[in-house]
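Quick note: the sequence shown uses this note's numbering, first residue 1, plus one each step.
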Amino acid sequence: MGFMGVWSVLLVVGAVGGVVGGVACGVVAGRRSRRDRSPSGLDAEAEANQWLVRLAGGLGPPDVRAWAGAGEDTARALTSAAECHRAARARLATARTAAEYAEVTRTARQGLDHLGRARAGLGRETATVSPAAG
1 MGFMGVWSVL
11 LVVGAVGGVV
21 GGVACGVVAG
31 RRSRRDRSPS
41 GLDAEAEANQ
51 WLVRLAGGLG
61 PPDVRAWAGA
71 GEDTARALTS
81 AAECHRAARA
91 RLATARTAAE
101 YAEVTRTARQ
111 GLDHLGRARA
121 GLGRETATVS
131 PAAG
């Protein structure tokens, strides 16, 4: 086992060390590059979906009779929220870039603003639209 055995052990140790070192360098480089770049299209798509789902959930009234007896301003705000939902959903279906997804997010958040006004007109508590997002 002399020379060939030692040579085999050295090759295995070198290969394992190279893989471990390469992975560590890749992780560090990956973390640095994530900090330096803007959100990806996939991140923007996920955010747009989140806001659209949130808007859709708010459009389903917990008490239909309350919406039916709403005043004109409240009804107009609810209609505007529904229009924003339709527009955002249509834009989301064709969006491919981060900028297009950002437009979907903006439209959905605008719809949530309308929805908040409609809920306020009904005397219901409303939460802020974007506590952490900007």
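Heads up, the beta-carbon is just placed ideally off N, CA and C, and yes, glycines get one too.
CB L115 to CB L52, shorter than 8 Å?
Along the sequence shown, one-based indexing puts residue 115 at 115. Along the sequence shown, one-based indexing puts residue 52 at 52. No, the pair does not count as a contact, with Cβ atoms beyond the cut-off.
For the alpha helix (DSSP H) that S80 lies in, which residues bound it at each end?
Against the sequence shown, residue 80 aligns to sequence position 80. Its alpha helix (DSSP H) spans residues E72 to T94.
Could you tell me the alpha carbon to alpha carbon distance between R96 and G111, rounded to whole angstroms?
Numbered from 1 along the sequence shown, position 96 holds the residue referred to as residue 96. Numbered from 1 along the sequence shown, position 111 holds the residue referred to as residue 111. One C-alpha to the other measures close to 22 Å.
Which stretch, first to last residue, makes up the alpha helix (DSSP H) that contains L55?
Stepping through the sequence shown from its first residue, residue 55 is reached at position 55. That run of the alpha helix (DSSP H) goes G41 to L59.
Would you kindly check if the distance between the Cβ of T105 and the Cβ of E47 is under 8 Å?
Locating residue 47 in the sequence shown gives position 47, counting from the first residue. Locating residue 105 in the sequence shown gives position 105, counting from the first residue. Their beta carbons are under 8 Å apart, which means E47 touches T105 by this criterion.
Within a Cβ cutoff of 7 Å, which residues of the same chain sit near E103, ignoring the five residues on either side of it in sequence?
Numbered from 1 along the sequence shown, position 103 holds the residue referred to as residue 103. Same-chain partners within the cutoff: R91.
Helix, strand or coil for D113 per DSSP?
For the purposes of this step, residue 113 is identified with residue 113 of the sequence shown, where counting begins at 1. Three-state DSSP puts D113 in a helix.
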